[in-house]
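Numbering (this note's numbering), first residue to last: 127 to 272.
In C-alpha cells:
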C-alpha cells in the first residue's frame, strides 16, 4: 500500500524519528511482521543484517546503536509514489570502539499498509560497508593487550 503523499506517512516519520533518536516512536511505525531487507552480508556485518518481524528488527537496530553514535542522518531526497516511497540519506555513524566514521549514502524504499511499514529495503555500498567492518575489527584487535 502506498503512502502517496508527503506529511503524515509512516515512511517519512521513520526518517524524522530515527534522526531525532526517538527509538520507541520509530519502532511503533513498523508492523509486527515487518520485512526489512538489506543488501549487506548480515553474518559478516551483523549490525547491517536483514530482519523479519519487529523483535528481530529491534535487536538488529539496538545492536547498531550499541556499536555506533549517529553523527549525521541527512535526508537528501524523498519521493512518495503510488506503490511505495523512496529516499536517499547521507549517514555518518561513528564507531564507539574506534571512533572511525562510517560515511555512506543509503537508499531506502518503504511499503505501508494501514499506517504501518510492512516492508523496508535498505541499499548501501555493500563492499564499502563490509571493508569498513573488517578495518574496524583490525583496529580493535590492535588495541587488545598481547
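Ideal Cβ positions, reconstructed from N, Cα and C, are used throughout, including at glycine. This one's a predicted model, so the numbers in the text were calculated from it and none came from an experiment.
Non-local C-beta neighbours of residue 251 in its own chain, meaning closer than 7 angstroms and more than five positions away in sequence, comprise 230, ordered along the chain.
Sixteen is the threshold: when 16 or more other Cβ atoms of the shown chains lie within 10 Å of the Cβ of residue 166, as they do, the residue is buried. Beta bridge pairing from DSSP links residue 235 with 212, 247. In the DSSP assignment, residue 139 falls outside any beta strand (DSSP E) and within the unbroken alpha helix (DSSP H) covering 136-146. Per DSSP, reduced to three states, the secondary structure at residue 262 is helical. Secondary structure of residue 226 (DSSP, three-state): coil.
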